[in-house]
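Okay, so here's the structure we're looking at.
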Amino acid sequence: MPYTVSFDEKDNVIGVRVSGDATREQHYAALNEALQLCQQNRCGRLIVDLRALDTTHFSITGCFTFGESLSEKPALLKIAHVMPTDKKAREDVRFVSTVEANRGVLTSEFETVEDAREWLLSETQSG
15 MPYTVSFDEK
25 DNVIGVRVSG
35 DATREQHYAA
45 LNEALQLCQQ
55 NRCGRLIVDL
65 RALDTTHFSI
75 TGCFTFGESL
85 SEKPALLKIA
95 HVMPTDKKAR
105 EDVRFVSTVE
115 ANRGVLTSEF
125 ETVEDAREWL
135 LSETQSG
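Counted from 1, the sequence shown has number 127 at position 113 by the working numbering; the numbering is strictly sequential.
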């Protein structure tokens, strides 16, 4: 499976890791699992580790639609994206993050999981 979803009870953070050439359906499945964990644990922090993501088969429209769908989910208050190493994937993730931010989602991009976690756990609500 190209994704995993977990809950870090200590920090109250939902973790999603997507790798390889995950399909559109797998991205939405990971999102739905993360949303369920958010509801179950009353958690509004999501760290999305995309370092090994391949977006070769993603269109700009698909990226837009995914980012837009995230903005419609009230459970997600703060999303930290850990950026992929692949250039196209980085551009795609940055675009999704921009779509989210333009629709009111508190989101940011990071090079490391540690930096993303630090931002998620910060008390400020600014990106």
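Built from N, CA and C at the ideal position, the CB exists for glycine as well.
Leaving aside the five residues before and after residue i along the sequence, list all residues of the same chain whose C-beta is less than 6 Å from its C-beta, in chain order.
i: T121; result: I93, S111, E114, A115
Could you tell me the alpha carbon to alpha carbon distance between residue i and residue j, rounded to whole angstroms?
i: L60; j: N46; result: 12 Å
i: E39; j: T70; result: 15 Å
i: A43; j: L134; result: 23 Å
i: L49; j: D35; result: 22 Å
i: E128; j: V30; result: 14 Å
i: P98; j: V107; result: 8 Å
i: D100; j: F124; result: 14 Å
i: K102; j: K87; result: 26 Å
i: V76; j: E105; result: The identity of residue 76 in the sequence shown is Gly, whereas the question assumes Val. The alpha-carbon atoms of G76 and E105 are separated by roughly 13 Å.
i: S83; j: V119; result: 11 Å
i: R65; j: S85; result: 22 Å
i: S136; j: P16; result: 29 Å
So, helix, strand or coil for residue i, using DSSP?
i: H41; result: helix
i: R56; result: coil
i: E128; result: helix
Would you say residue i reaches chain D, if we count a Cβ-Cβ gap shorter than 8 Å as a contact?
i: K92; result: Although the question refers to chain D, the structure presented lacks it and comprises just one protein chain.
Going by DSSP, name the residue or residues bridged to residue i.
i: A94; result: I61, S122
CB-CB under 8 Å to residue i, same chain, minus the five flanking residues each way: which ones, in chain order?
i: G81; result: F109, V110, S111, T112, V113, E114, R117
i: R131; result: D25, V27, I61, A94
For the putative contact between residue i and residue j, defined by C-beta atoms under 8 Å, what is the C-beta separation to the nearest angstrom?
i: N55; j: F21; result: 6 Å
i: V96; j: D63; result: 5 Å
Could you check whether the Cβ of residue i sits closer than 7 Å to any heavy atom belonging to the ligand NAP?
i: E23; result: Only the bare structure without any ligand can be found here, which leaves the ligand NAP out of the picture.
Output needed for residue i: all residues of its chain with C-beta closer than 7 Å, excluding positions within five of it in sequence on either side, in chain order.
i: H41; result: V32, F80
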